[in-house]
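A.B. asks: Sequential numbering of the sequence shown, starting at 247, is according to our numbering.
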Amino acid sequence: MGYKHIEVKQVAGFIGAEIGGVDLSRSLSEDQVQEIRKALLKWKVVFFRDQNIDHAAQVEFTSRFGEVTFAHPLGEPEPVPGFPQIKPVDRMALRKALSYAE
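1) Indicate whether PHE293 and GLU264 have their beta-carbon atoms separated by less than 8 Å.
2) Would DSSP call PHE329 helix, strand or coil?
3) Short of 6 Å in beta carbon distance, which residues of its chain neighbour LYS333, apart from the five on each side in sequence? Order them along the chain.
4) Return the chain-ordered ranges of every alpha helix (DSSP H) run that is complete within the region 271–321 and spans a minimum of 4 residues.
5) Since GLN278 and VAL268 are thought to touch, with beta carbons under 8 Å apart, how far apart are those beta carbons, to the nearest angstrom?
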């Protein structure tokens, strides 16, 4: 189950892999997309380290794998203006919310 167009490094026992050898800020070849899909199906969770992409590039990349849906409609924070598919993750807000739950 080798890869010719990307690098895949297992990061855990049965789930999770890091994908390298790709620049998500650029258009990917169909071969790269197919291999990323193959890695995702095998490892269930994939990580792309040190990528510098904007919201539009993130939506474009994810659309190569299927329909990009709107961010979950409930809870804070609201989706990014102009990009309803992206919901920001705010670590400090999450910590604050969890401290109230204790």
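Note that beta-carbon positions come from the ideal geometry of N, C-alpha and C, so glycine has one too.
C.D. replies: Reading from the atomic positions:
1) One-based indexing of the sequence shown puts residue 293 at position 47. One-based indexing of the sequence shown puts residue 264 at position 18. Going by C-beta atoms, PHE293 is nearer than 8 Å to GLU264.
2) As a position in the sequence shown, residue 329 is number 83, starting the count at 1. Shown here, PHE329 sits in a strand according to DSSP, grouped into three states.
3) Taking the first residue of the sequence shown as position 1, residue 333 is located at position 87. If you ignore the 5 residues before and after LYS333, its C-beta comes within less than 6 Å of the C-beta of ALA317, PRO325, all in its own chain and listed in chain order.
4) Within the region 271–321, the runs of alpha helix (DSSP H) that reach at least 4 residues and sit entirely inside it are, in chain order, 276–289, 301–309.
5) As a first step, residue 278 is located in the sequence shown; it is residue number 32 there, counting from the start. As a first step, residue 268 is located in the sequence shown; it is residue number 22 there, counting from the start. Confirmed, Cβ separation roughly 6 Å.
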